[in-house]
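> Residue numbers for the sequence shown follow my numbering, so the first one is 33 and each next one is one higher. In this text, a Cβ means the ideal position worked out from N, Cα and C, and glycines have one as well.
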Amino acid sequence: MSGRVFAMLRPVAAPVSAEGGFRAALFTPTALVFACIAFASLVVAGEAWAQLRAAGPKPGLLETLWKWTPLLLIGPPREFGGFALNIAVSFLAMAIGTAFGVVLGLGQISIHAPVRRVCWLVTQFFRNSPWLVLLFFVMLLIPFQIRIGGTAIPLPAWLKATFGLSLPVMANVSEIVRGAVNSIPSGQWESAESLAFGRLQTLWRIILPQCVKRMIPPWMNWYAILTMSTPLISIVGVNDAMTLAQDALAAEQRSELLMPMYAMLLLFFFVYCYPIARWTIRLERRYAVKI
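1) Quick one: is ARG317 buried, meaning 16 or more other Cβ sit within 10 Å of its Cβ, or exposed?
2) Here's the rule: buried if 16 or more other CB atoms are within 10 angstroms of the residue's CB, otherwise exposed. What is PRO292?
3) Beta-carbon within less than 8 Å of MET171's beta-carbon, same chain only, minus the 5 sequence neighbours each way: which residues are those?
4) Note down, in chain order, each residue of its chain lying with its Cβ closer than 7 Å to the Cβ of PRO250, except the 5 sequence neighbours on either side.
5) Let me make sure I understand the geometry here. Which of TRP152, SER198, ILE119 has the alpha-carbon closest to that of ALA392?
6) On the DSSP bridge list, what partners appear for THR183?
7) Leaving out the 5 sequence neighbours to the left and right, which residues in its chain are closer than 8 Å to PRO175 when beta-carbon positions are compared?
8) Within 10 angstroms of its Cβ, does ARG110 collect 16 or more other Cβ (buried), or is it exposed?
9) How many Å lie between MET126 and VAL134 at the Cα?
10) For ALA273, which of LEU299, PHE302, PRO263 has the nearest alpha-carbon?
11) If you check the beta carbons only, do ALA203 and PHE169 fall under 9 Å apart?
12) Starting from the Cα of LEU104, find the closest Cα among ALA116, ALA283, LEU94 and give me that residue.
13) Could you name the residues of the same chain whose beta carbon sits closer than 8 Å to that of MET247, not counting the 5 residues immediately before and after it, in chain order?
14) Let me confirm a value: PRO102 is counted as buried when at least 16 other C-beta atoms fall within 10 Å, else exposed. Which label applies?
15) Please state whether the Cβ-Cβ distance between ALA256 and THR183 is less than 9 Å.
16) Residue ranges of each alpha helix (DSSP H) run of no fewer than 4 residues wholly in the region 78 to 163, ordered along the chain?
17) Straight-line CA distance for VAL201 to LEU258?
18) Should GLY53 be labelled buried (16 or more other beta-carbon atoms within 10 Å of its own) or exposed?
19) Are there 16 or more other CB atoms within 10 angstroms of the CB of VAL205, so buried, or fewer, so exposed?
20) Give me the Cα-Cα distance between ILE143 and GLY129, rounded to the nearest whole angstrom.
21) With burial defined as no fewer than 16 other Cβ atoms inside 10 Å of the residue's Cβ, what is the status of LEU315: buried or exposed?
22) How would you label LEU167, buried or exposed, when you count the other beta carbons within 10 angstroms and need 16 or more for buried?
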């Protein structure tokens, strides 16, 4: 009898998501080649356009892009910014959103109805709110500095923007946790109850360990989405890659640099997010149900 009970507690593989098949067709090695060809075409076209419109001796397009590349990647000297700031904001926002999202998701499956309803309401509110609106609300509601005793601690704009981006991530992670827990067969709960496990013990020792494999692919997918959304912080005055690209264009005063400069930013994000998308697809296939 005990052998059959423990057999029921073994992890169950997650089903293949419909979205995974679409991304598998979209994110192929051909996409990387196409992106590189498109970027090279923009550079060549911009170079030719620059030569046609040049009224005097000006640096070439590739030379100009190379000159501004360090600024776009790591920001100005002695100041953290650029694409590196976008990555740092994505890491912090994902960490904050994951921590609060797990708690919120567990609250959605609570046996107490008031807790369950409040967590559901918070999840749906932040999940269905525009990211930019949440970002502006956080930037305006959080003060520029806080005082602890007689010490004033400044709150930089990028830190407030990070917290603003973590709110929709929190709501979506909450849904990931709720869906993963509800996808576990009810027999797992019943078998744990027959072994005199409490609800908390069942959740932490049996249910959540099985949910980790199910949650990793959508969690990674949302991290990629968050990373691609970090240019929104440029609207609130943060010196990310988008803001510095606009400053570089204003300094050069060359309209032919517009498309190549933004194409270079697209390439930065593509090179960073493409391996994440491929890894997500690989994990989905690895943890899929074998039929």
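A quick look at the data gives this:
1) With fewer than 16 Cβ atoms within 10 Å of its Cβ, ARG317 is classed as exposed.
2) So PRO292 ends up on the buried side.
3) Here MET171 has ALA189, LYS192, ALA193, GLY196, VAL268 as same chain residues with Cβ atoms under 8 Å from its own Cβ, once five neighbours each way along the sequence are excluded.
4) When the five nearest sequence neighbours on each side are left out, the beta carbons in the same chain lying within less than 7 Å of the beta carbon of PRO250 are those of ILE208, in order along the chain.
5) Because the chain spans 33 through 323 in this model, residue 392 falls outside it and cannot be assessed.
6) THR183 pairs with ILE180.
7) LEU187.
8) That one is exposed.
9) Each residue's CA atom was taken as its position, placing MET126 and VAL134 some 12 Å apart.
10) For ALA273, the nearest C-alpha among the options comes from PRO263.
11) The answer is no: Cβ separation not under 9 Å.
12) The candidate whose alpha carbon is nearest that of LEU104 is ALA116.
13) Excluding positions up to five away in sequence, the list reads ILE208, VAL209, ALA212.
14) PRO102 is exposed by the Cβ-count criterion.
15) Going by beta carbons, ALA256 and THR183 fall outside the 9 Å limit.
16) DSSP runs (the alpha helix (DSSP H)) wholly in the region 78 to 163: 93 to 106, 114 to 140, 145 to 159.
17) Distance from the CA of VAL201 to the CA of LEU258, rounded to the nearest whole angstrom, comes to 8 Å.
18) For GLY53, the predicted structure reports a pLDDT of 45, less than 50, and the residue's modelled location is therefore unreliable. A value from the coordinates is still provided. By the C-beta density criterion, GLY53 is exposed, having fewer than 16 other C-beta atoms within 10 angstroms.
19) A buried status is given to VAL205, since no fewer than 16 other beta-carbon atoms sit within 10 Å of its beta-carbon.
20) Each residue's Cα considered, the two are about 24 Å apart.
21) By the beta-carbon neighbour count (other beta carbons within 10 angstroms, threshold 16), LEU315 is buried.
22) With 16 or more other Cβ atoms from the protein chains shown falling within 10 Å of its own Cβ, LEU167 counts as buried.
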